[in-house]
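Undergrad: Chains as they are written, first to last, in our numbering: chain A, 2 to 651; chain B, -1 to 366.
What follows is a single structure, and I will ask about it in a moment.
Now the structure itself:
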């Protein structure tokens, strides 16, 4: 045979075999079709019956979520037994009528009823629809008595997350809420646990893996009417771990009260004066709509909302955060049940954003509290010594620009200790200019400014410590000396969080150890890396901070702790939010309290106590609070005093 | 310029559009099923599935412009690359002793899937190079057996018995159509039957459990037999016309496990009944038949065998999956191509169809 013929023969064999193969596939597929016929047509009745009363309902048993407690074992987040109320349209018949009947027995929100009806109309009739998530005992017994007349209505026990401290610790705990479709997409194992609630923010989110636990499994044998007959536990759920936080609820409570009150006085909410003020002022109305229950009378006699801001108290030796207050706040219990759109809208309409955790995500110019950073950078670099003096005439000229000191008459010749005590701006303009922004930035970073602290709260902000490359990269223009001058008093581009300020203060107080904040309680001693800051330079800065509280012209000398408690070393900061306009100046409106709230200065204070062997550092920011000395310092004093009393160590 | 346009036009005219149409129908069915599987939502599966389908169609069209002769050159290198990937995979291993996936730049895929195509190409290439006189000699068939045995062993070791069997059967089909004499086939079948007990002893305990469960699912209704039992209930209760879109109680109430991947056929059966299932089988048969028909039209032996290999691969996917969900085969974890959610199997099928397209566009009988 020739090659060509052989090739043809070969092709013929393959062609024949391919046909055989194809026929085989057809036969096998027909066989599969036969099998389908057998299942779906011949045995349809049997399987239909099995499906109607699917004998075994395999259920995943959700684990008990770990609890959160404060340093004295007081409950911050726990689990309460509650009853879920479901309705199954298939058995209920007329859902609308059934709901009307339910509404006569228990509380049913109008919005909820429409929602349930909508679901009943859209979804298949066999799927139970959740009506309420936490029935009270009273409601439960009412329903139980009537249950014979409520076909398709079922209630079952479950665990609901509760936050006994409510709004007080809202920003710390965060909250759990039902799984989102995104979470299910990321972790498909969660599909089995449709009722699981997961942490969405705060510690609940940060410690989710630890708190959640492991689900168990059980199988429920049900009869044709869907009633459970027997339960088989395959394996027990494993509870999540409890977590002890460093927080002290008593301290948290105390600080919250004094921060919110500021320099104002509480008023009787029922009085005619207050009612009139609410009626006239839309802002006040919005405050009250989202759960606020306190109004104040400010020193000018005006009815006003509680102060907003942040206070954080931190143990300088081990980083424990013993209080973390952000005002305004919200009640996390709102989120554990289905959040009504009305409540959500009110939270978002609130004029001061209660969902923002100002301690970790509020960005503020540090103002004069930044002067320690500048002083340390200059001392370390040898730009100045303790004896170096600069003369303050009330302002400084640089090129065409004039930079003013807050004290118009000028401080005269001052050294670094005096400049800190009196918060002289001109001194720090001069020193910043000589030190340069790069050195200042390096020192700020060392002390923990301009970077996240890594605390167990999601969404922490980094802040900004500006420098040459940053300016070029973000604005496309070079850094100017004038900007160094402004940065020297913690204004301009500089932005930090109150938590970063507390970390900075703690690191200054503990002699330059790189302490980091911890929301968990810390057992035993912890060693932190040494930041390698010259002890001599630190001592000079300490002296300045001491004189702020103790010196004859210290900016916060009126708000020191009694010497029996060891006194405070600290620094005030008053951050200009908007310049006083010419018209205001001419009208004589130069005092903060006389200006609209939004235009007032932020009031800041950082400090530590006791002066010898410091234990606690505090950072206070009162938004538009006026002056650091008169508004923030007293709050810091009260916080430190209570912290020391509770901590028991003087 | 004009010449280029003519080339593009000619290529587009030669593209087997009926194959793409069948694939599009299957992807659409898949998207609808996945929409139902997530209780009437395009997320997380249905939307992505549709997008992947579109990408797959694009891959086929791109491959239509790849000269088929390039595949001939690349057949062996591709084979060795796949083997290397499987070896690396075994080296990495998984925490629970299961190593099926590789992650490259955040993209996870199963190397055992593309290996199927690589083996088909390598075998086709091999038989093309053999002198015609040797077609009836046993020696001709020993090297390809080794070429099959190596990846088979590597996939079994992962362990992924289902994919390994599909790989072996698909490849053996090429030996069969290449002209393996009947007497050897007979001997092989008898030999395999005799060695079954030995193979059994080599299985992992969970694999044995699956086979035992398959043989008697009712004995273990709540354990490993659960999936099969629930799948049969779902299918059987669907009847002729099904319970309606989004109305399958078994699927929607989560009695049915893995309804978006391995058990998607069951879900379609529950919601669309026997009619829906037969429609899907018919589309598959048309698709497979079309690929087989192409094998008669292409020029080279390499192209011919490649097309048959792709058709067999496709058929085995469908057969294993449908047999599994109807309780005719143990639950081995096999997707229904183009319908189940899951990227790798879908991609493999589209690449296979692309190779067939390239063959029919570039490898005409008149060029031989």
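We treat Cβ as the ideally placed atom computed from N, Cα and C, and that holds for glycine.
1) I'd like to know whether the C-beta of residue 574 of chain A is nearer than 8 Å to at least one C-beta of chain B.
2) Beta-carbon separation of residue 465 of chain A and residue 487 of chain A under 8 Å?
3) Could you check if residue 426 of chain A is buried or exposed, using at least 16 other CB atoms within 10 Å of its CB as the buried criterion?
4) Could you give the DSSP three-state label for residue 218 of chain A: helix, strand or coil?
5) Scan the segment 31 to 50 of chain A for residues whose Cβ lies nearer than 8 Å to a Cβ of chain B and list them as they occur along the chain.
6) Return the first residue and the last residue of the beta strand (DSSP E) that residue 405 of chain A is part of.
7) Answer yes if the segment 474 to 492 of chain A comes into contact with the segment 367 to 380 of chain A, meaning at least three C-beta pairs across the two stretches below 8 Å, and no otherwise.
8) Taking the continuous beta strand (DSSP E) assigned at residue 155 of chain A, which residues delimit it?
9) Does the beta carbon of residue 27 of chain A sit closer than 8 Å to a beta carbon anywhere in chain B?
10) Considering only the alpha carbon of each residue, which of B/292, B/351 and B/164 lies closest to residue 302 of chain B?
11) Using 8 Å for Cβ pairs, my map puts residue 247 of chain A next to residue 173 of chain A. What's the rounded Cβ distance?
12) For residue 410 of chain A, which residues in the same chain have their Cβ closer than 8 Å to its Cβ, ignoring the five residues on either side in sequence?
13) Which complete alpha helix (DSSP H) runs does the segment 246 to 321 of chain B hold, if anything under 4 residues is left out?
14) Applying a beta-carbon distance threshold of less than 8 Å, which residues of chain B neighbour residue 186 of chain A?
15) Flag residue 19 of chain A as yes if its beta-carbon sits less than 8 Å from any beta-carbon of chain B, otherwise no.
16) Using the C-alpha atoms, what's the distance from residue 312 of chain A back to residue 595 of chain A?
17) How about residue 375 of chain A and residue 414 of chain A: do their beta carbons lie closer than 8 Å?
18) Beta-carbon of residue 188 of chain B versus every beta-carbon of chain A: anything under 8 Å?
19) Closer than 8 Å, CB to CB, is residue 368 of chain B near chain A or not?
20) Say whether the segment 298 to 314 of chain B touches the segment 115 to 125 of chain B, bearing in mind that this needs 3 or more beta-carbon pairs closer than 8 Å, one atom from each stretch.
21) Indicate the three-state DSSP secondary structure (helix, strand or coil) for residue 519 of chain A in the structure shown.
22) Less than 6 Å between C-beta atoms, sequence neighbours within five positions excluded: which residues of the same chain meet that for residue 262 of chain A?
23) Any beta carbon of chain B sitting closer than 8 Å to that of residue 196 of chain A?
24) If contact is defined by three or more beta carbon pairs under 8 Å, each pair taking one atom from either stretch, is the segment 288 to 299 of chain A in contact with the segment 138 to 149 of chain A?
25) From the DSSP output, in three-state form, read off residue 397 of chain A for me.
26) Would you identify the three-state DSSP class for residue 88 of chain A, choosing helix, strand or coil?
27) Distance check for residue 111 of chain A and residue 202 of chain B, CA to CA, integer angstroms please.
28) Give the straight-line distance between the Cα atoms of residue 560 of chain A and residue 130 of chain A, rounded to the nearest whole angstrom.
29) Hey, residue 639 of chain A and residue 259 of chain A: beta-carbon distance below 8 Å or not?
30) Nearest-angstrom Cα distance between residue 376 of chain B and residue 32 of chain B?
31) In terms of alpha-carbon separation, which member of B/130, B/62 and B/11 lies closest to residue 15 of chain A?
32) What residue does the beta strand (DSSP E) around residue 16 of chain B start on, and which one ends it?
33) For the alpha helix (DSSP H) that contains residue 234 of chain B, what are its first and last residues?
34) If we count Cβ pairs, one from each stretch, closer than 8 Å, do we get three or more for the segment 31 to 48 of chain A versus the segment 228 to 244 of chain B?
35) Is residue 82 of chain A helix, strand or coil when you go by DSSP?
36) Can you list, in chain order, the residues of its chain whose CB lies under 7 Å from that of residue 50 of chain B, leaving out five sequence neighbours each side?
TA: In this structure, then:
1) Translated into the one-based positions of the first chain, residue 574 of chain A becomes position 573. Look at residue 574 of chain A: its C-beta is not under 8 Å from any C-beta on chain B.
2) By one-based count along the first chain, residue 465 of chain A stands at place 464. By one-based count along the first chain, residue 487 of chain A stands at place 486. The answer is no: Cβ separation not under 8 Å.
3) Taking the first chain and counting its residues from 1, the one referred to as residue 426 of chain A is at position 425. Its Cβ being crowded by 16 or more others within 10 Å, residue 426 of chain A is buried.
4) The count along the first chain starts at 1 and reaches residue 218 of chain A at position 217. If DSSP states are grouped into helix, strand and coil, residue 218 of chain A belongs with the strands.
5) 33, 34, 36, 37, 38, 40, 41, 42, 44, 45, 47, 48 and 49
6) The residue given as residue 405 of chain A occupies position 404 in the first chain. Note, residue 405 of chain A: beta strand (DSSP E), 402 to 405.
7) yes
8) Residue 155 of chain A sits at position 154 when you count from the first residue of the first chain. Looking at the DSSP string, the run of the beta strand (DSSP E) that includes residue 155 of chain A is 154 to 163.
9) Here residue 27 of chain A is taken as the residue at index 26 of the first chain, counted from 1. Answer yes: the Cβ-Cβ gap between residue 27 of chain A and chain B drops below 8 Å somewhere.
10) What you label residue 302 of chain B is simply residue 304 of the second chain in a count that begins at 1. Nearest option by C-alpha distance: B/292.
11) Position 246 of the first chain, counted from the start, is the residue given in the question as residue 247 of chain A. Position 172 of the first chain, counted from the start, is the residue given in the question as residue 173 of chain A. With 8 Å as the limit, residue 247 of chain A and residue 173 of chain A do not qualify as a contact, their Cβ atoms being about 10 Å apart.
12) Counting from 1 along the first chain, the entry for residue 410 of chain A is found at position 409. Correct list, in chain order: 395.
13) If we require 4 residues or more, the alpha helix (DSSP H) runs fully inside the segment 246 to 321 of chain B come out as 247 to 250 and 262 to 295.
14) Position 185 of the first chain holds residue 186 of chain A. Neighbours of residue 186 of chain A on chain B, chain order: 41 and 42.
15) Against the first chain, residue 19 of chain A aligns to sequence position 18. Chain B, which has a Cβ nearer than 8 Å to the Cβ of residue 19 of chain A, makes this yes.
16) Your numbering for residue 595 of chain A matches position 594 in the first chain. Your numbering for residue 312 of chain A matches position 311 in the first chain. Spanning the two alpha carbons is a distance of roughly 25 Å.
17) Taking the first residue of the first chain as 1, we reach residue 375 of chain A at position 374. Taking the first residue of the first chain as 1, we reach residue 414 of chain A at position 413. For residue 375 of chain A and residue 414 of chain A, no; Cβs fall outside 8 Å.
18) In the second chain, counting from the first residue as 1, residue 188 of chain B sits at position 190. No, residue 188 of chain B does not count as interfacial toward chain A.
19) Coverage of chain B is limited to positions -1 through 366, which leaves residue 368 of chain B absent and any answer about it impossible.
20) With a cut-off of 8 Å, the segment 115 to 125 of chain B and the segment 298 to 314 of chain B count as touching, because enough Cβ pairs lie within range.
21) Translated into the one-based positions of the first chain, residue 519 of chain A becomes position 518. Residue state, collapsed to three classes: strand.
22) One-based indexing of the first chain puts residue 262 of chain A at position 261. Correct list: empty, nothing qualifies.
23) Sequence index remark: in the first chain, residue 196 of chain A carries index 195 (1-based). With 8 Å as the cut-off, residue 196 of chain A does not count as an interface residue toward chain B.
24) Contact between the segment 138 to 149 of chain A and the segment 288 to 299 of chain A is absent, because fewer than three Cβ pairs lie under 8 Å.
25) Within the first chain, residue 397 of chain A is the residue found at index 396, counting from 1. Reduced to three states, the DSSP call for residue 397 of chain A is strand.
26) As a first step, residue 88 of chain A must be located in the first chain, where it is residue number 87. Residue 88 of chain A falls in the strand class under three-state DSSP.
27) Translated into positions along the second chain, residue 202 of chain B becomes position 204. Translated into positions along the first chain, residue 111 of chain A becomes position 110. Residue 202 of chain B and residue 111 of chain A: Cα-Cα distance of roughly 58 Å.
28) Reading the first chain from its first residue, position 559 is the one you call residue 560 of chain A. Reading the first chain from its first residue, position 129 is the one you call residue 130 of chain A. Each residue's Cα considered, the two are about 59 Å apart.
29) Residue numbering aside, residue 639 of chain A sits at position 638 when the first chain is read from its first letter. Residue numbering aside, residue 259 of chain A sits at position 258 when the first chain is read from its first letter. Contact flag set, yes.
30) Chain B is shown only over -1 to 366; residue 376 of chain B falls outside these bounds and no answer can be derived.
31) Taking the first residue of the first chain as position 1, residue 15 of chain A is located at position 14. Comparing Cα-Cα distances from residue 15 of chain A to each of B/130, B/62 and B/11, the minimum goes to B/130.
32) By 1-based counting over the second chain, the position of residue 16 of chain B is 18. Looking at the DSSP string, residue 16 of chain B is not in any beta strand (DSSP E); the run it does join, the alpha helix (DSSP H), is 15 to 35.
33) Working through the second chain from its first residue, we reach residue 234 of chain B at position 236. Taken as a continuous stretch (DSSP letters only), the alpha helix (DSSP H) holding residue 234 of chain B covers 224 to 236.
34) yes
35) If you number the first chain from 1, residue 82 of chain A lands on position 81. Three-state result, residue 82 of chain A: strand.
36) Indexing the second chain from 1 puts residue 50 of chain B at position 52. Contacts found: 341 and 344.
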